[in-house]
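These notes concern the structure reproduced below.
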Amino acid sequence: MSAGADGRASLTRVEAEVRAAALRVDRVEVELDLLGDALPTFGSRTVIRFASEVDATFVDFAGEELVSATLNGRPLDLTTWQRARIPLTGLQAENVLEVEGRMAYSSDGEGLHRHVDPADGQTYLYAMSFLDAAPRWFACFDQPDLKARYAFTVTAPAGWTVLGNGPAVAEGEGRWRIEPAHPLSTYFTTLVAGPYASVWGEHDGIPLGLHIRASLRAELEAQAPDMLAATAASFDYYHRLFGIRYPFGEYHQAFVPDFNAGAMENPGCVTFRDGYVPRGRVTRTERATRAGTIAHEMAHQWFGDLVTMRWWDDLWLNESFAEYLAHRCCTEATEYALWPEFGILRKDWGSVADQSPSTHPVAGNAAPDAAAALQNFDGISYAKGASVLRQLAAHVGDDVFLAGLRDYMNLHAYGNATFADLLDAWTGAGARDLPVWAGAWLSTTGMDTLDVEHTDAGVRLVATAPAGGEARPHTVQVGLVDETGGLTVLDAVDVGAEPSAVVPVAAPAVLVTPDATDLAWAKVRFGTDGWERVLAALPGLQDETASVVVWNAVRDAVRDATLDPAFALRVVEAALPTSASEIVCASVLGFALDQLAGVYAPVAERAGRAERVRAVAWRLLRTAPPGSDRQLVAFRQAVRSEADPERLRAWYGGRDLPEGVEPDPELVWSVVERWSALQTGTDLLEDALAKDPSASGQVHAARARARRPDPAAKEAAFRLLVEPSSAGAYELYATGEGFWAVGQEELTAPYVARYFAEIGRTAAFREGWALGQVATQAFPRTAADEQTLRLADEALRTDLAAQVARAVTDGTDRLRRAVESLRRWA
Ligand SMILES: [Zn+2]
Numbered sequence: 000m001s002a003g004a005d006g007r008a009s010l011t012r013v014e015a016e017v018r019a020a021a022l023r024v025d026r027v028e029v030e031l032d033l034l035g036d037a038l039p040t041f042g043s044r045t046v047i048r049f050a051s052e053v054d055a056t057f058v059d060f061a062g063e064e065l066v067s068a069t070l071n072g073r074p075l076d077l078t079t080w081q082r083a084r085i086p087l088t089g090l091q092a093e094n095v096l097e098v099e100g101r102m103a104y105s106s107d108g109e110g111l112h113r114h115v116d117p118a119d120g121q122t123y124l125y126a127m128s129f130l131d132a133a134p135r136w137f138a139c140f141d142q143p144d145l146k147a148r149y150a151f152t153v154t155a156p157a158g159w160t161v162l163g164n165g166p167a168v169a170e171g172e173g174r175w176r177i178e179p180a181h182p183l184s185t186y187f188t189t190l191v192a193g194p195y196a197s198v199w200g201e202h203d204g205i206p207l208g209l210h211i212r213a214s215l216r217a218e219l220e221a222q223a224p225d226m227l228a229a230t231a232a233s234f235d236y237y238h239r240l241f242g243i244r245y246p247f248g249e250y251h252q253a254f255v256p257d258f259n260a261g262a263m264e265n266p267g268c269v270t271f272r273d274g275y276v277p278r279g280r281v282t283r284t285e286r287a288t289r290a291g292t293i294a295h296e297m298a299h300q301w302f303g304d305l306v307t308m309r310w311w312d313d314l315w316l317n318e319s320f321a322e323y324l325a326h327r328c329c330t331e332a333t334e335y336a337l338w339p340e341f342g343i344l345r346k347d348w349g350s351v352a353d354q355s356p357s358t359h360p361v362a363g364n365a366a367p368d369a370a371a372a373l374q375n376f377d378g379i380s381y382a383k384g385a386s387v388l389r390q391l392a393a394h395v396g397d398d399v400f401l402a403g404l405r406d407y408m409n410l411h412a413y414g415n416a417t418f419a420d421l422l423d424a425w426t427g428a429g430a431r432d433l434p435v436w437a438g439a440w441l442s443t444t445g446m447d448t449l450d451v452e453h454t455d456a457g458v459r460l461v462a463t464a465p466a467g468g469e470a471r472p473h474t475v476q477v478g479l480v481d482e483t484g485g486l487t488v489l490d491a492v493d494v495g496a497e498p499s500a501v502v503p504v505a506a507p508a509v510l511v512t513p514d515a516t517d518l519a520w521a522k523v524r525f526g527t528d529g530w531e532r533v534l535a536a537l538p539g540l541q542d543e544t545a546s547v548v549v550w551n552a553v554r555d556a557v558r559d560a561t562l563d564p565a566f567a568l569r570v571v572e573a574a575l576p577t578s579a580s581e582i583v584c585a586s587v588l589g590f591a592l593d594q595l596a597g598v599y600a601p602v603a604e605r606a607g608r609a610e611r612v613r614a615v616a617w618r619l620l621r622t623a624p625p626g627s628d629r630q631l632v633a634f635r636q637a638v639r640s641e642a643d644p645e646r647l648r649a650w651y652g653g654r655d656l657p658e659g660v661e662p663d664p665e666l667v668w669s670v671v672e673r674w675s676a677l678q679t680g681t682d683l684l685e686d687a688l689a690k691d692p693s694a695s696g697q698v699h700a701a702r703a704r705a706r707r708p709d710p711a712a713k714e715a716a717f718r719l720l721v722e723p724s725s726a727g728a729y730e731l732y733a734t735g736e737g738f739w740a741v742g743q744e745e746l747t748a749p750y751v752a753r754y755f756a757e758i759g760r761t762a763a764f765r766e767g768w769a770l771g772q773v774a775t776q777a778f779p780r781t782a783a784d785e786q787t788l789r790l791a792d793e794a795l796r797t798d799l800a801a802q803v804a805r806a807v808t809d810g811t812d813r814l815r816r817a818v819e820s821l822r823r824w825a
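Those letters in the sequence shown? Residues 0 to 825, per numbering that gives the first Met the number 0, in order.
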């Protein structure tokens, strides 16, 4: 995109501090002309009224064309617009800046995104300003701590739905005005506009709206009651918890196309990826996860939107809190007990991140500029931070924990705050020794290991820090699993800070788990003969939370090369078919197929192991009630592991399906994707696309095309990944996902070197989220050998854009662990 000359500069922390100290932004008026006759751009005019204590600063403007700019009525030299900044000189105490330009609609989910729904040809827009994309749709001082009052005036086709950070008031035909009630940071300003279909509601005086493309109206209407119930329960919960009413008026939740994140917490108008309203059957676990995201974005209305971090280094104040509060809210106030999901999905994500070379402290990640900050939206900022907050609430007591949060929010409402402000609030509420605790948990990286030693008197808990440092304090509950799978949970004990005492064990236990209730942030192990004990005890263990801890330990030990993946597969075969947990079955089957039968298996053994995973899926399937979620979860994995294209063809045609399995659109496409990976024909793919040319169908088709074991198909897919094209971001991600298929190692081998040679150049034509996401998905994840590691290390010594470097660093770390495991166990 054009952004003045030479691409875009990323705002540094130092620049942000200087500008925040000098300016006070009073009011921003944005006028947008979205009448579609001037594609691919739209008109944007901004008037900013601000006070200044300095002579000069700059405003951010990342448009296609700068039409005019005046400061206090004086025209500015338009040629000074460089790297998406317009220099402002000769500032007075009070200033009026007017900037008018043409901005590009985006196709990468950032800025003002434009999507034409292939289902009906209708156009849908939404704005994503996060993290630094606001200047892609209007001129602004783009940083979290220059909050301002906004007014948006929008001209758009009559009959559209127009939503924003406040009520949209129609001002005649095709014209709307939105004046949010409170000051906003630039990064959560938004606009949602198009012929969206809506479901309306109300709770406790708050108007509620759910919105989606018209082609998904039926799905939205079917699932709206569940989502509105979660929304209402969460409002009640947060009102009780915080003692501050939701301040932003109406509450809209828009499910939008091509969205990169799960959701974005724009005050009053949250945007979600539309995959949360799927076209297929929605299992209970999927509804629970969606309720978790709804509650997460609602927590942000207070934590993030009402009180906003000053700079991105404190982004954990947003994400760790929203994550922690959402799980707490759902478990306590909705029908969805969400902590097992936190354990098996979120903690595992954070655990991988915290042990990778790109790990960073929970708080105060350095984030020298906005581009670097974006890289830290990872499993540490979300899952580790939330886990640590759970420990903190146990450490200081829930009353102190909540009283501190309330004080913090009351004191800094509508403004910005830092971690130090929060520490002050907790200390004021009665917390002791917080700096020591915070130093141990929030400013360090890596994970301690919690293990058990069996002694004559019982078991001793042992906490070990990484690289021989000092272990952190952990509050945990030891669990004893007997030979029938029964679990006894002991009282909470503290370990780590001081040498641990022996915990008496009354009855002989088959398995002793150091953390039965999944409270710790630690690697968990079970003693010297621990894995044999796991094999003996896990098949009978029905406590979902305790089993999550054990499965996470198995996955972690495989990645550490301390557990033979072949042994881990035996544990899966022995224990998974008796698991009653839908989310455990789905996660562990996925791990077994993608890792144990994939990158953690020698290439020659991958097919044989996949057959064993398929057998586990079918055992689950045959014992599940027809039509149950458990049956559907097992069948999805059975499809992913099926080796016979004719059987898949029969399923595609609706034949020979297990009784109770309904071929919904998503399931049908997963059959097509698997079929495409096994043979070179395209008739099923073409038939499926003809029947389902929707946006979702196009994405599935892209994944299926990339899977095809055909040299020309692979070449075409690879070029999509590394060359400019008009393909949407979702199609690019799906192409990357499909490209590196297990079983096609020989066919894809030439692309390993090409990936490392060519991926760096994608920074010339992609940016932001899409740049990093394509590099991540396109990483040669099945090529677990020394040669790939060598090429990766060479690539990392070259000058790569931050997003690409992070993708290659993390992809290489995952691969290095697999290579190490193969060296040890294969
Ligand atoms: Zn969040």
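Where is the CB? At the ideal position from N, CA and C, for every residue including glycine.
- Task: Check whether the Cβ atoms of N71 and V46 lie closer than 7 Å to each other.
- Result: On the sequence shown, residue 71 is found 72 positions in, with the first residue counted as 1. On the sequence shown, residue 46 is found 47 positions in, with the first residue counted as 1. The answer is no: Cβ separation not under 7 Å.
- Query: According to DSSP, what are the bridge partners of T307?
  - Reply: Residue numbering aside, residue 307 sits at position 308 when the sequence shown is read from its first letter. Paired residues: N415.
- Is the Cβ-Cβ distance between D493 and T474 less than 7 Å? The count along the sequence shown starts at 1 and reaches residue 493 at position 494. The count along the sequence shown starts at 1 and reaches residue 474 at position 475. Cβ distance < 7 Å, so D493 and T474 count as in contact.
- Task: Compute the minimum distance between the beta carbon of A321 and the heavy atoms of ligand 1, and state whether it is under 6 Å.
- Result: Here residue 321 refers to the residue found at position 322 of the sequence shown. Indeed, a heavy atom of ligand 1 lies less than 6 Å from the Cβ.
- Message: Taking the alpha carbon of V826 as the reference point, which residue from A694, L518 and L324 has its own alpha carbon closest?
- Response: In this structure the chain extends from 0 to 825, so residue 826 is not present and cannot be described.
- beta-carbon E318 near ligand 1 non-hydrogen atom, thresh 6 Å: To locate residue 318, count along the sequence shown from 1; it is residue 319. Correct: E318 has its Cβ closer than 6 Å to ligand 1.
- Item | Neighbour-count burial assignment, V13, 16 or more Cβ in a 10 Å radius | Working through the sequence shown from its first residue, we reach residue 13 at position 14. V13 comes out exposed.
- Query: Leaving out the 5 sequence neighbours to the left and right, which residues in its chain are closer than 7 Å to P339 when beta-carbon positions are compared?
  - Reply: Counting from 1 along the sequence shown, the entry for residue 339 is found at position 340. Within the same chain, P339 has close Cβ partners E543, T544, V547, S580 and I582.
- Message: Is it the case that the region 309-328 contacts the region 367-379, given that we only count it when at least three CB pairs across the two stretches are under 8 Å?
- Response: yes
- Got a sec, what are the start and stop residues for the beta strand (DSSP E) W175 sits in? Taking the sequence shown and counting its residues from 1, the one referred to as residue 175 is at position 176. R174 to I177 is the span of the beta strand (DSSP E), which, as asked, contains W175.
- Query: Which runs of the alpha helix (DSSP H), 4 residues or longer, sit entirely within the region 711-763?
  - Reply: 728-738, 744-747 and 749-757
- F400 - DSSP class collapsed to helix/strand/coil: Taking the sequence shown and counting its residues from 1, the one referred to as residue 400 is at position 401. Helix at F400.
- F129 - DSSP class collapsed to helix/strand/coil: In the sequence shown, residue 129 corresponds to position 130, counting from 1. If DSSP states are grouped into helix, strand and coil, F129 belongs with coil.
- Task: Leaving aside the five residues before and after M0 along the sequence, list all residues of the same chain whose C-beta is less than 6 Å from its C-beta, in chain order.
- Result: The count along the sequence shown starts at 1 and reaches residue 0 at position 1. Unreliable positioning characterises M0 in this predicted model, as indicated by a pLDDT of 37, which lies under 50. The coordinate reading is nonetheless provided below. Excluding positions up to five away in sequence, the list reads A103.
- Task: Tell me, to the nearest whole angstrom, how far the beta carbon of T761 is from that of A748; I am working on the premise that it is less than 8 Å.
- Result: Locating residue 761 in the sequence shown gives position 762, counting from the first residue. Locating residue 748 in the sequence shown gives position 749, counting from the first residue. About 21 Å separates the two Cβ atoms, so there is no contact after all.
- Query: Cα separation between E28 and H299?
  - Reply: In the sequence shown, residue 28 corresponds to position 29, counting from 1. In the sequence shown, residue 299 corresponds to position 300, counting from 1. Approximately 25 Å, taken between the alpha carbons.
- Query: In the DSSP assignment, what are the bridge partners of S67?
  - Reply: Translated into positions along the sequence shown, residue 67 becomes position 68. Per DSSP, E99.
- Message: Which residue wins for smallest C-alpha separation from G626, given the options T282, A372, M297 and G529?
- Response: Numbered from its first residue, the sequence shown carries residue 626 at position 627. Of the listed residues, the one whose Cα sits closest to G626 is T282.
- Query: Does DSSP put N164 in a helix, in a strand, or in coil?
  - Reply: The sequence position of residue 164 within the sequence shown is 165, counting from 1. N164: coil per DSSP, three-state reduction.
- Express the C-alpha separation of S67 and L145 in angstroms, rounding to a whole number. By one-based count along the sequence shown, residue 145 stands at place 146. By one-based count along the sequence shown, residue 67 stands at place 68. If I take the Cα positions, the gap works out to 24 Å.
- Query: For L568, which of W530, F778, A591 and K346 has the nearest alpha-carbon?
  - Reply: On the sequence shown, position 569 is the one that residue 568 refers to. Closest option to L568, Cα to Cα, is A591.
- Beta-carbon proximity list for L369, same chain, < 7 Å, skipping 5 on both sides: Locating residue 369 in the sequence shown gives position 370, where the first residue counts as 1. With the sequence shown as reference, residue 369 is identified as Ala, and Leu is not the correct amino acid for it. These residues qualify, in order along the chain: S9, L10, L130, D131 and W311.
- Grab me the residues of L770's own chain with a C-beta within less than 7 Å of its C-beta, minus the 5 sequence neighbours each way, in chain order. Stepping through the sequence shown from its first residue, residue 770 is reached at position 771. If we look at L770 and ignore the five residues flanking it on each side, its Cβ neighbours are T761, A762, A800, Q802 and V803.
- Could you work out which residue in E793, A260 and N265 is closest to G274 when comparing CA atoms only? Taking the first residue of the sequence shown as position 1, residue 274 is located at position 275. It is A260 whose Cα lies nearest to the Cα of G274.
- Item | Own chain, CB closer than 6 Å to L31, minus 5 neighbours either side, in chain order | For the purposes of this step, residue 31 is taken as residue 32 along the sequence shown, with counting starting at 1. So the list reads S43 and V153, once near-sequence residues are dropped.
- Could you give the DSSP three-state label for R805: helix, strand or coil? Residue 805 sits at position 806 when you count from the first residue of the sequence shown. In the structure shown, R805 sits in a helix (DSSP, three-state: H, G or I).
- Query: Which one of D514, Q541, L510 and W520 has the shortest CA to CA distance from D528?
  - Reply: Along the sequence shown, one-based indexing puts residue 528 at 529. The shortest C-alpha separation from D528 is found at L510.
- Item | Bounding residues of the beta strand (DSSP E) (the contiguous stretch that carries V458) | Locating residue 458 in the sequence shown gives position 459, where the first residue counts as 1. Counting along the chain, the beta strand (DSSP E) containing V458 begins and ends at G457 to T463.
- Who are the Cβ neighbours of A715 in its own chain at under 8 Å, not counting the five residues just before and after it? Locating residue 715 in the sequence shown gives position 716, counting from the first residue. Correct list, in chain order: R704.
- Item | Distance CB(L65)-CB(L77) smaller than 7 Å | Walking along the sequence shown from the start, residue 65 turns up at place 66. Walking along the sequence shown from the start, residue 77 turns up at place 78. Their beta carbons are under 7 Å apart, which means L65 touches L77 by this criterion.
- Query: Helix, strand or coil: which one does DSSP assign to R82?
  - Reply: The residue you call residue 82 lines up with position 83 of the sequence shown. Here R82 sits in coil by DSSP.
- Task: Let me know if A424 comes out buried or exposed under the rule of 16 or more other beta-carbons within 10 Å of its beta-carbon.
- Result: As a working mapping, residue 424 is identified with position 425 in the sequence shown. Looking at its Cβ environment, which holds 16 or more other Cβ atoms inside 10 Å, A424 is buried.
- Message: In whole angstroms, give me the CA-to-CA distance for P143 and L410.
- Response: Your numbering for residue 143 matches position 144 in the sequence shown. Your numbering for residue 410 matches position 411 in the sequence shown. Between P143 and L410, the C-alpha separation is close to 18 Å.
- Item | DSSP three-state assignment for Q541, whether helix, strand or coil | Against the sequence shown, residue 541 aligns to sequence position 542. The answer is coil: DSSP assigns Q541 none of H, G, I, E or B.
- Item | Continuous beta strand (DSSP E) stretch holding Q252: start and end | The sequence position of residue 252 within the sequence shown is 253, counting from 1. Element bounds for Q252: Y250 to V255.
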